[in-house]
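Each residue of the sequence shown is one higher than the one before, starting from 967 at the first, in the working numbering.
No residue lacks a Cβ here, since even glycine has one placed at the ideal position from N, Cα and C.
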Amino acid sequence: MNKEANAPSRVERLVFHDRVFYVKRDDLIDPLLSGNKYRKLYSLIKTPEDQYNTIVSYGGTQSNAMLSIAALCHQKGWSFHYTSKPVPEHLKQRPTGNLKLALEMGMQLHEVTPDDYEQKTLQLKLQRNDSTLYVPQGGADPLAQSGINVLAREIYQWWQENGIEKLNVVTPSGTGTTACYLATALPCMNVLTTACVGGKAYLESQIEALGDFPKNLRILENEKKHHFAKPYAELFDIYRELKDAGIEFDLIYGAHMWHTLLQHIDALEGAMLYIHSGGLIGNATMLDRYRHKGLIAPLETAQQGL
Ligand SMILES: *Cc1c(COP(=O)(O)O)cnc(C)c1O
């Protein structure tokens, strides 16, 4: 990672549904610290090892943020304490995906009952001191802004070099931290996003908690409600189409963003730059769930080498 860390991630051209898209390949920066998690944790990646010895955070046990913080702590030699709701017994016996990797990198998992979860996670803030850093769920924190600003500068430079007039920057939202800070840093462009966790109102409230809602940020809505991280045939279809067109995206955020974007594309003017937000390691767990639900035929799976 460190060798490439300061070079801008590359931008590729993707023809999809008869339209040209540009894709900024932040997923290629680092397999573990990938996509927007690399950007959001950038200031910590650049922090000297002796500045902290512990990070505390919380959230879901297949979270991409969890995996990225675990990788960061592993690199820095910091301890990582992560609070979650109880992990199902079968997963505890045989962890998979992001959880497996994070545990292998030394993450210490603290399970609390669903009833205690809210209170316990609120109390984590109190553990903050000179050597212990508290990172809220999904890295929704002002510390993410400086790394997103680096991404914004790369986008701005690419835009200038390519003489593009009107540019839309597209990226999916969980906490909305990435989309919000990108829109704030790029007032000359539109930032398009969609809510992958909860709905539009929830995303708006998350973004307002970070500061003023940027005027150039637009939340696109999907015609169909998709629950976070659940398998849907149409999301798998778009994932597979994109993969066949040349780029793999994650099945949770990326598939939903593309599915939503295509519903609005005819009404949108200007060039489209999609910021790949990473998260590909989590696809293994999602593909298991698709298989489990019978949404992927075994033959298809084998042909794709998944
Ligand atoms: C975390 C994540 C997001 C959401 O980022 P926010 O800054 O929380 O909105 C989007 N895509 C992928 C792949 C992610 O892992």
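{"Item": "Please specify which runs of the beta strand (DSSP E), each continuous and at least 3 residues long, are wholly inside the segment 1134-1207, giving them in chain order.", "Value": "1156-1159, 1183-1185"}
{"Item": "Would you identify the three-state DSSP class for Thr1013, choosing helix, strand or coil?", "Value": "coil"}
{"Item": "Going by DSSP, what residues sit across from Tyr1024 in a beta bridge?", "Value": "Thr1049"}
{"Item": "To which residues of the same chain is Ala1036 closer than 6 Å at the C-beta, ignoring the five residues directly before and after it?", "Value": "Phe1046, Ala1068, Met1071, Met1073"}
{"Item": "With C-beta atoms as the reference, is Tyr1004 less than 9 Å away from Gly1140?", "Value": "no"}
{"Item": "Grouping DSSP H, G and I as helix and E and B as strand, with all else coil, what is Met1071?", "Value": "coil"}
{"Item": "Would you please state the rounded distance, in angstroms, between the beta carbons of Leu999 and Val989? I believe it to be under 8 Å.", "Value": "Not really, about 19 Å apart at Cβ, beyond 8 Å."}
{"Item": "Within a Cβ cutoff of 8 Å, which residues of the same chain sit near Leu1201, ignoring the five residues on either side of it in sequence?", "Value": "His1192, Leu1217, Ala1221, His1222, His1225"}
{"Item": "Below 7 Å CB to CB, which residues in the same chain sit around Tyr1256 once its five sequence neighbours on both sides are set aside?", "Value": "Pro1197, Phe1202, Ile1262"}
{"Item": "What residue range does the alpha helix (DSSP H) around Arg1257 cover?", "Value": "1249-1258"}
{"Item": "Counting C-beta neighbours from all protein chains within 10 Å, is the total for Ser1097 16 or more, i.e. buried, or is it exposed?", "Value": "exposed"}
{"Item": "Can you tell me whether Lys1132 is helix, strand or coil according to DSSP?", "Value": "coil"}
{"Item": "Give a single yes or no on whether Lys1003 has its beta carbon closer than 8 Å to a heavy atom of ligand 1.", "Value": "yes"}
{"Item": "For the beta strand (DSSP E) containing Tyr1018, name the first residue and the last one.", "Value": "Where Tyr1018 is concerned, there is no enclosing beta strand (DSSP E), given that its DSSP letter is neither H nor E."}
{"Item": "For Gly1104, count the other beta carbons within 10 Å of its own beta carbon; 16 or more makes it buried, fewer makes it exposed. Which is it?", "Value": "buried"}
{"Item": "Can you give the beta carbon distance from Thr1159 to Leu1183, rounded, assuming they're within the 8 Å contact cut?", "Value": "7 Å"}
{"Item": "Count the C-beta pairs between the segment 1084-1103 and the segment 1114-1123 that are closer than 8 Å, then say yes if the count reaches three, no if not.", "Value": "no"}
{"Item": "Alpha carbon to alpha carbon, how far is Asn1134 from His1076?", "Value": "41 Å"}
{"Item": "Taking one C-beta from the segment 1013-1021 and one from the segment 1145-1165 each time, how about it: are there three or more such pairs within less than 8 Å?", "Value": "no"}
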